[in-house]
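Residue numbers (my numbering): 13 to 892.
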Amino acid sequence: MAAAVPERANAGAAAPADIAALRAHFRAGKAELIAHFEAARASAPAAARLLKALAKHVDATLLALWQHCEMPAGAALLAVGGYGRGELFPHSDVDVLVLLPPAAVRCSDADAAATQSAIERFITACWDIGLEIGSSVRTVDECIAEAERDVTVQTSLLESRYLCGSRRVFTTFRHANTRAMDAKAFLRAKTLEMRQRHTKFEDTPYALEPNCKESPGGLRDLQVVIWVARAAGLGKNWNELAAKGLITPFEVKQLQRNEGLLKLIRARLHVIAGRREDRLVFDLQTAVAESFGYQSTPGQRASEVLMRRYYWAAKAVAQLNQILMLNIEERVAGSQDAPMRPIGEHFLERGGMLEVASDDLYQRHPHAILQTFLAYQQTVGIKGLSARTLRALYNAREVMGAEFRSDPVNRATFMQILREREGQTHAFRLMNQTSVLGRYLWVFRRIVGQMQHDLFHVYTVDQHILMVLRNVRRFFIPEHAHEYPFCSQLALTWDKPWILYVAALFHDVAKGRGGDHSELGAVEVRRFCRDHAIAREDAALIEFLVREHLRMSRIAQKEDLSDPEVIQEFARRVGTPRALAGLYLLTVADIRGTSPKVWNAWKGKLLEDLYRSTLRALGGAQPNLDAEIEARKEEARHLLNLHSMLPDTEGPLWKTLEVSYFVRHDAPDIAWHARSLFRHIETKEPVVKARPSSVGEGLQVLVYSPDRPDLFARICGYFDSAAFNILDAKVHTTRAGYALDTFQVTSPRIEGQDPAHYRDLISLVETQLASAVAASGPLPEPSRGRLSRRVKSFPVTPRITLRPDERAQRWLLGVSTSDRSGLLYAIARVLARHHVNLQLAKITTLGERVEDTFLIDGSALQQNKQQLEIESELLDAISP
Numbered sequence: 013m014a015a016a017v018p019e020r021a022n023a024g025a026a027a028p029a030d031i032a033a034l035r036a037h038f039r040a041g042k043a044e045l046i047a048h049f050e051a052a053r054a055s056a057p058a059a060a061r062l063l064k065a066l067a068k069h070v071d072a073t074l075l076a077l078w079q080h081c082e083m084p085a086g087a088a089l090l091a092v093g094g095y096g097r098g099e100l101f102p103h104s105d106v107d108v109l110v111l112l113p114p115a116a117v118r119c120s121d122a123d124a125a126a127t128q129s130a131i132e133r134f135i136t137a138c139w140d141i142g143l144e145i146g147s148s149v150r151t152v153d154e155c156i157a158e159a160e161r162d163v164t165v166q167t168s169l170l171e172s173r174y175l176c177g178s179r180r181v182f183t184t185f186r187h188a189n190t191r192a193m194d195a196k197a198f199l200r201a202k203t204l205e206m207r208q209r210h211t212k213f214e215d216t217p218y219a220l221e222p223n224c225k226e227s228p229g230g231l232r233d234l235q236v237v238i239w240v241a242r243a244a245g246l247g248k249n250w251n252e253l254a255a256k257g258l259i260t261p262f263e264v265k266q267l268q269r270n271e272g273l274l275k276l277i278r279a280r281l282h283v284i285a286g287r288r289e290d291r292l293v294f295d296l297q298t299a300v301a302e303s304f305g306y307q308s309t310p311g312q313r314a315s316e317v318l319m320r321r322y323y324w325a326a327k328a329v330a331q332l333n334q335i336l337m338l339n340i341e342e343r344v345a346g347s348q349d350a351p352m353r354p355i356g357e358h359f360l361e362r363g364g365m366l367e368v369a370s371d372d373l374y375q376r377h378p379h380a381i382l383q384t385f386l387a388y389q390q391t392v393g394i395k396g397l398s399a400r401t402l403r404a405l406y407n408a409r410e411v412m413g414a415e416f417r418s419d420p421v422n423r424a425t426f427m428q429i430l431r432e433r434e435g436q437t438h439a440f441r442l443m444n445q446t447s448v449l450g451r452y453l454w455v456f457r458r459i460v461g462q463m464q465h466d467l468f469h470v471y472t473v474d475q476h477i478l479m480v481l482r483n484v485r486r487f488f489i490p491e492h493a494h495e496y497p498f499c500s501q502l503a504l505t506w507d508k509p510w511i512l513y514v515a516a517l518f519h520d521v522a523k524g525r526g527g528d529h530s531e532l533g534a535v536e537v538r539r540f541c542r543d544h545a546i547a548r549e550d551a552a553l554i555e556f557l558v559r560e561h562l563r564m565s566r567i568a569q570k571e572d573l574s575d576p577e578v579i580q581e582f583a584r585r586v587g588t589p590r591a592l593a594g595l596y597l598l599t600v601a602d603i604r605g606t607s608p609k610v611w612n613a614w615k616g617k618l619l620e621d622l623y624r625s626t627l628r629a630l631g632g633a634q635p636n637l638d639a640e641i642e643a644r645k646e647e648a649r650h651l652l653n654l655h656s657m658l659p660d661t662e663g664p665l666w667k668t669l670e671v672s673y674f675v676r677h678d679a680p681d682i683a684w685h686a687r688s689l690f691r692h693i694e695t696k697e698p699v700v701k702a703r704p705s706s707v708g709e710g711l712q713v714l715v716y717s718p719d720r721p722d723l724f725a726r727i728c729g730y731f732d733s734a735a736f737n738i739l740d741a742k743v744h745t746t747r748a749g750y751a752l753d754t755f756q757v758t759s760p761r762i763e764g765q766d767p768a769h770y771r772d773l774i775s776l777v778e779t780q781l782a783s784a785v786a787a788s789g790p791l792p793e794p795s796r797g798r799l800s801r802r803v804k805s806f807p808v809t810p811r812i813t814l815r816p817d818e819r820a821q822r823w824l825l826g827v828s829t830s831d832r833s834g835l836l837y838a839i840a841r842v843l844a845r846h847h848v849n850l851q852l853a854k855i856t857t858l859g860e861r862v863e864d865t866f867l868i869d870g871s872a873l874q875q876n877k878q879q880l881e882i883e884s885e886l887l888d889a890i891s892p
């Protein structure tokens, strides 16, 4: 049974006259309404009652203030914007228009001053009692002129509602506004505005922190439909649109149900945040979920249940918005009578849109469902699906059951879509938007709207998969060759792109089940290949790519690529150059599909180096370290000659270096080191040189100094204090006892800047870092860097792994924790305290989680007790 709204909401007529009493009355009434809502069961009707009751409460308060401030008799007060709809969220702005009569423009100075004074008193009083007012003061003519210049103002006025004052001036305004409305221009402006808004939110309703008002699939998408329909005289609500034949009774129910859920979530967000907050941010998701009665279980967070429900509602809203906007556009433009040309037996083309031949096509011919997307791919000039087609697909979801999925004709059509020369990205996005993909691939349906709590994916699982598919597809499109030059080069030699498309579709399809999603995904894709009659050799490659899709990234970012055994082991696992190329392409597409911030040129270089080294190993070339090192030395000498260096400039430095140095550095770095240090081989003072990185943005920094246990910690301390991020560190100790360390670093100060502008920064780094390295005394305590909001909501359990390498001569230290400033310095400080030597550091930042790997040695690691102390201190150092 619906709960009654408290009486106070309708008690405005008896509201007290003085400001202090009005303030107390307003705040108490609002608090009572919100408390009643909080106590009620979380339901859409409860939210609808709250929004209407809050609007009425504000109506009554504004009426009392209007009378209290003795506003001019010829003026009127209008509610506009969202408030004009008679709905008000707990902390939304109250938008009002003080409408002045034309005579106000021509009145005497004294009357104008009196009117101005009254308006100022009224608006000040609104703020004094706690109304977050958004006000404008205009005459009718000014309203119309402003609306013609600004579609936002025109939209706000479209929903105007009379509150108090002169009804005559309101009626005059309403007629003038209706006459001035150009439905075609308004529709065009709102469509462009909506596209711009969608672009701002990356064209997806599936962001991990969506804005339930503004994001695609949010409340704004529903409001846009009503606005353009109202401007065209087609109706002011869903039932009126249905009466005009724009939507079906079933769609009305879907719209009301999903709109009710979005309003309920937004209202709960406002109440829980205690402010206007329309984003489902991580730190509020759990509280909102619990207000719905959801509880976390060992297998699922309460927030996941809420967000999945939100995503499904947003997806339905996005679908219905598209259908209705196209329908309204046809009515306004009159294009529903445009000529059509047939496309095969079941489809037509009208104005560049694919149209079904009949509304019940999919019920009569279920095979036509997948054929829709094939026709979309194959037909030149088709830019989308018509409203009629989208509606037919929306109403055909129940047709796509187990029999539909196992039908040989449908399976053949699905494979044909994958094998087409082009159009996969748009076809699969459309299939997901219309729910066809999840209905056909039932395993895909399970991950639609599923969140990922790893802090570096910014999309839900289904959106990430489609992003990876897009990235793979771009490797084969010449127009995108500048984005992925090496990948595009590899793609030219790949004869079956559809193999990679299938692998992309399935690589993460088993996420969220528990267990290894790579292994579970391999089982799913094996079943898919069997059901779709994919040849054994191709099926084996697809299964390999899905099972191993994380391995190449892990090896490139965590292991020592200069170690021949690492390369040989990876080559044995990959087996063939074809499998290696496929895995490389899928890995690049996967990393770039997680978040715009995760990929960088340094990761690209690591992956490409691993690919090239493994390809040589697969070609049967056994690693010949002596020959490889000699080739690098020869190339380095050639580069030194190009810089007019004297013969044997490199000799004194190279005599002090171990083989491992030449294995880990390429020829340009070796030549740069020799050129920079030939005068400083026996220096007593630290030498620091920096240059723009040859790989992407940032700097390459060389540090040469007499070695000491705390050297690496001091370097990390400087980079931390100067706000540099260390991407990679190669640490060496010469036979003469000097440290020769090279760092790849970046900083927000240089991101996006031309390397030519680095000169001042390079000079600063060289001076300041040399001073920091030369400093003595105890190392300062590491700062506990501030944790981000996302990390607080989804903390990463700190983990330390310490294991000997295969020769038991060195140790691999793995660190996994939430990222924060000062973290690397805290780790280096612990190692320095125990005289542990660092030989190699792989610094991997995945969003707001770090996965760092260090190659270390030292006598302390050979003692069990000291090893436990080191691990314990490291855990303390990396804990948030």
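Each residue gets a CB set at the ideal place from its N, CA and C atoms; glycine is no exception.
Suppose the cutoff is 6 Å on Cβ atoms and the five residues either side in sequence are ignored; what does the same chain contact list for residue i look like?
{"i": "LYS42", "result": "none"}
{"i": "ALA25", "result": "Note that ALA25 scores 42 on pLDDT, short of 50, meaning its location in the model is unreliable; the coordinates nonetheless yield the value given after this. So the list is empty, once near-sequence residues are dropped."}
{"i": "ILE259", "result": "LEU253"}
{"i": "ARG726", "result": "ALA784, VAL785"}
Could you give the distance in angstroms between the alpha-carbon of residue i and the alpha-carbon of residue j?
{"i": "ALA516", "j": "THR754", "result": "36 Å"}
{"i": "GLY98", "j": "LEU62", "result": "11 Å"}
{"i": "GLU214", "j": "LEU281", "result": "22 Å"}
{"i": "ASN249", "j": "MET443", "result": "29 Å"}
{"i": "ALA52", "j": "ALA60", "result": "12 Å"}
{"i": "SER147", "j": "ILE340", "result": "32 Å"}
From the DSSP output, in three-state form, read off residue i for me.
{"i": "ASN612", "result": "coil"}
{"i": "HIS103", "result": "coil"}
{"i": "VAL81", "result": "In the sequence under discussion, the amino acid at residue 81 is Cys, which differs from the Val named in the question. In the structure shown, CYS81 sits in coil (DSSP, three-state: anything other than H, G, I, E or B)."}
{"i": "ILE855", "result": "coil"}
{"i": "LEU887", "result": "helix"}
{"i": "PRO351", "result": "coil"}
{"i": "LYS877", "result": "helix"}
{"i": "ALA755", "result": "Position check: residue 755 holds Phe in this sequence, whereas Ala was assumed. Three-state DSSP puts PHE755 in a strand."}
{"i": "VAL537", "result": "helix"}
{"i": "GLY524", "result": "coil"}
{"i": "LYS742", "result": "strand"}
{"i": "PRO57", "result": "helix"}
{"i": "PHE866", "result": "strand"}
{"i": "GLY450", "result": "helix"}
{"i": "THR298", "result": "helix"}
{"i": "LEU894", "result": "As shown, the chain starts at 13 and ends at 892. That puts residue 894 outside it, with no answer to give."}
{"i": "ALA26", "result": "Here ALA26 scores only 42 on pLDDT, less than 50, and its place in the model is too uncertain to base an answer on."}
Excluding five sequence neighbours on each side, which residues of the same chain lie with their C-beta closer than 8 Å to the C-beta of residue i?
{"i": "ILE890", "result": "PRO810, ILE812, VAL827, THR829, LEU835, ALA838, ILE839"}
{"i": "TRP139", "result": "ILE145"}
{"i": "ALA503", "result": "PHE487, PHE488, PRO509, LEU597"}
{"i": "ARG585", "result": "GLU560, ARG563"}
Can you give me the Cβ contacts of residue i inside the same chain, cut-off strictly under 7 Å, excluding the 5 residues immediately before and after it?
{"i": "PRO84", "result": "THR127, ALA130"}
{"i": "PHE731", "result": "ILE738, VAL757"}
{"i": "ALA201", "result": "VAL163"}
{"i": "HIS529", "result": "ASP520, ALA522, LYS523"}
Starting from the Cα of residue i, find the closest Cα among the options and give me that residue.
{"i": "TRP324", "options": "ASN407, TYR218, ALA60, LYS202", "result": "TYR218"}
{"i": "HIS358", "options": "GLY364, HIS377, GLN166", "result": "HIS377"}
{"i": "ALA326", "options": "GLU221, PRO790, VAL610, TRP684", "result": "GLU221"}
{"i": "ALA241", "options": "ARG207, THR203, GLN268, ARG209", "result": "THR203"}
{"i": "PHE304", "options": "ALA314, PHE582, ASP295", "result": "ALA314"}
{"i": "VAL411", "options": "ILE381, LEU886, THR401, ARG343", "result": "ILE381"}
{"i": "GLN312", "options": "ARG525, ARG822, ASP772", "result": "ARG525"}
Enumerated in chain order, which unbroken segments of the alpha helix (DSSP H) with a length of 4 residues or greater are wholly contained in the region 341 to 404? 373 to 376, 380 to 390
Segments of 3+ residues assigned as beta strand (DSSP E) that fall wholly inside the region 170 to 241: 173 to 177
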